[in-house]
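Residue 553, in our numbering, is where the sequence shown stops; the numbers in between run on with no holes.
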Amino acid sequence: MNKLVASAMALLAATTHAQAQSNRSNPTADYALINGEIHTMDASGSIATAIGIEGGEIVYVGDSTGLKDVIGIGTEVIDLKGKMALPGFVDGHIHAAAGGLIMLGVDLQTDDKDELFDRIRKEVETNKDDIILGYGVRFNPWTDGNPTAAMLDEIEADRPVYLWAIDGHAAWVNSKALEMAGIDRNTPDTAPGFSFFERDDEGNPTGWIIEIPAQMQVLTSLIDVNPDFMSEGVSNWLQRFAAAGITAVHDHGIQGMSQDEGFQMMADFEKNGELPIRFIGSYYWNDGTIDPLPGTQELSERFNSDLVKASYLKINMDGGDDKWNALYVDPYADKPELVAEPIIPVRLVKDAVIRADAAGFNVTCHCFGDLAVRTLLDAIEAAIEVNPDRERAHKITHGTLIHPDDYTRFGELGVIYDTTGAWMTFDPLLQSVSTTRLGEDRVQAMYPVNKVVAGGGVFSFGSDWPVSGYVSEYRPLAAIEAGVTRQLPGRSDVPPLGGDEARMPLQLALEAHTINAARGMGMDDQIGSLEVGKKADIVVLDQNLFEIEPAAISDVDVLYTIMGGNLTYEKPD
């Protein structure tokens, strides 16, 4: 914190000198933050004005007068000047490592097809690399069928073009990319029914690729995706996370390299002093032919340092509504005869959850539809019935739709409900694709946060960055704003998703990105609130979120971020 301290001390020389030189009893603190409005997020929702920090941990929380028993010779005192401070933001669902692969090249997040093609043309004209990369292709502009290789061939036919869809679970490529990957009409699908190459009536691949296994089959033919390639992009984004006030993340699946390589990359960042966040990872399981328990156990034993831990089993239960592969209790409105299948058979999921729970591992699950949610709740309930009592932190992520009969089960079973704040709006994707798939009533019932919480459940925010349905967003303040307003920024003309009653109270939204998200990764005893004995993870904002319009929350600046008592970000002058 040397830079932060230096700038603060210049303004506070007299006061700081007097306090730091006082011969206090039990003088221990390395740093003292004073004159703040510090929302602790403790169980009583208390607000303090001062914090003492020693050795990366919090040793005092209260008012400035109480610091007399903490600060002493050598204590650095920082005046917050009335600014709002919170526990460092915790992201309950992210793909921090995968972002180093997906978020490369040109940003294609737009609803306008003409603008989309203009961005691609500009990238082709200005980029002299051997491959053209991009990300963020949205689904809602393509109401007449998915984009094709032929469209890209008109812009670039000599170099491969590989563009990630906004959800990270599809890709759009040109013919050159398919040729270099050896993909033609005779190529079998990578994982039939789950991951495949969209084809025309004659069986030729169209250039639209579904799900990660098939996507990586093509991409790894075009790029040597290795840890060195990944680490450069990941390092860049880690700094952006710190600038957004993030101090801890729960990674829900490493992609682009092996799980072992991904965790080792993060461990190397930590070893080199280059990791500004706490990284809690998961063993990613989406293949029913593999027993996930040995891999989960091995990773947890190898990676268990201060900042990098492998402590969860991540289960992939279903897909999404756009591809008709999410699991719903009621049929799809536009394909009522379709019966979607789970990615992993239900009996295997139940068995894995019971065995993981017995071994002391918590599970987290991609459960998009309400039937997927119910299936995982059933599996957890079965595990609780047969296994000894313990402190559990099982989590369901996404839960875009939850059946009303299951609202109270989260509280009854102690399962954390985690979903993405930035998605909780009636955005163009929900207005078009989701409404077509599910009907208006089910869309308006999406993200029933307040109802789950009213039933005793714990709710947490996870960005799922870089994955999204409409806008890829990692900033916690953007998620908090969307959760509180249930509207897209600048779109007050569009009614809030679910109506006014679906809007989250601000206090709940803040808890969702701090203590509740920490609970959802089994770390609420160490982070998520500002209490004595916990890690000194703190974010300071330039405005009090309780004193501004909710629609302005995402515009608030992070002044600085502290993780483990160390400054990881300071807003430039």
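Virtual Cβ for every residue (Gly too), placed ideally from N, Cα, C.
The three-state reading of DSSP puts residue 174 in coil, since its state is none of H, G, I, E or B. Taking the Cα of residue 483 as reference, the smallest distance to any Cα among 469, 464, 491 is reached at 464. A direct Cα-to-Cα measurement between residue 283 and residue 514 gives close to 21 Å. In the structure shown, residue 241 falls within a helical segment according to DSSP collapsed to helix, strand and coil. Between residue 409 and the set 14, 51, 146, the nearest pair of CA atoms involves 146.
For the 8 Å CB-CB criterion, residue 376 and residue 398 form a contact. Contact annotation: residue 374 and residue 232 have beta-carbon atoms that are not nearer than 8 Å. When rounded, the separation of the alpha-carbon atoms in residue 369 and residue 15 is 44 Å. 153 is the residue among 442, 153, 60 whose C-alpha sits nearest the C-alpha of residue 137. The Cβ-Cβ distance between residue 436 and residue 494 does not fall below 8 Å. Annotation for residue 291: no alpha helix (DSSP H) segment contains it, though the beta strand (DSSP E) segment containing it runs 288 to 296.
In the DSSP assignment, residue 188 forms a beta bridge with 152.
Within the DSSP bridge table, the entry for residue 66 names 519 as partners.
Buried is the label assigned to residue 476, since at least 16 other Cβ atoms lie within 10 Å of its Cβ. In the structure shown, residue 25 adopts coil according to DSSP, grouped into three states.
A direct Cα-to-Cα measurement between residue 298 and residue 309 gives close to 13 Å.
With a cut-off of 8 Å on Cβ pairs, the region 520 to 530 is in contact with the region 447 to 466, counting three or more such pairs. Under the DSSP assignment, residue 370 falls outside any alpha helix (DSSP H); it carries neither an H nor an E label.
The alpha-carbon separation between residue 208 and residue 241 amounts to approximately 10 Å.
According to the DSSP assignment, residue 12 belongs to the beta strand (DSSP E) that extends over 11 to 14. Under the three-state reduction of DSSP output, residue 440 falls in the strand class. Under the 8 Å Cβ criterion, the region 283 to 295 counts as touching the region 257 to 272, having at least three qualifying pairs.
Taking a cut-off of 8 Å for Cβ pairs, the region 195 to 203 and the region 154 to 167 touch, as three or more such pairs fall below it.
According to the DSSP secondary-structure assignment, residue 56 is paired through a beta bridge with 11. Take the alpha-carbon of residue 454 and the one of residue 442: they are about 9 Å apart. Rounded to whole angstroms, the separation of the alpha carbons of residue 237 and residue 492 is 30 Å. For residue 142, the closest C-alpha among the options 125, 119, 167, 114 is that of 114. Under the DSSP definition of a beta bridge, residue 261 partners with 290. In the three-state scheme derived from DSSP, where H, G and I count as helix and E and B as strand, residue 432 is classed as helix. For residue 540, the closest of 223, 321, 218 by C-alpha to C-alpha distance is 223.
When secondary structure is reduced to three states using DSSP, residue 101 falls in the helix class. In the structure shown, residue 206 falls within a coil segment according to DSSP collapsed to helix, strand and coil. Around the beta carbon of residue 552, a 10 Å sphere encloses fewer than 16 other beta carbons of the protein chains shown; the residue is thus reported as exposed. Put simply, the backbone Cα of residue 414 is about 9 Å away from that of residue 422.
Take residue 258, set aside five residues on each side of it, and the residues of its chain with a beta-carbon closer than 6 Å to its own are 228, 287, in chain order. Nearest neighbour of residue 505 by Cα position, chosen from 21, 481, 546, 445, turns out to be 21.
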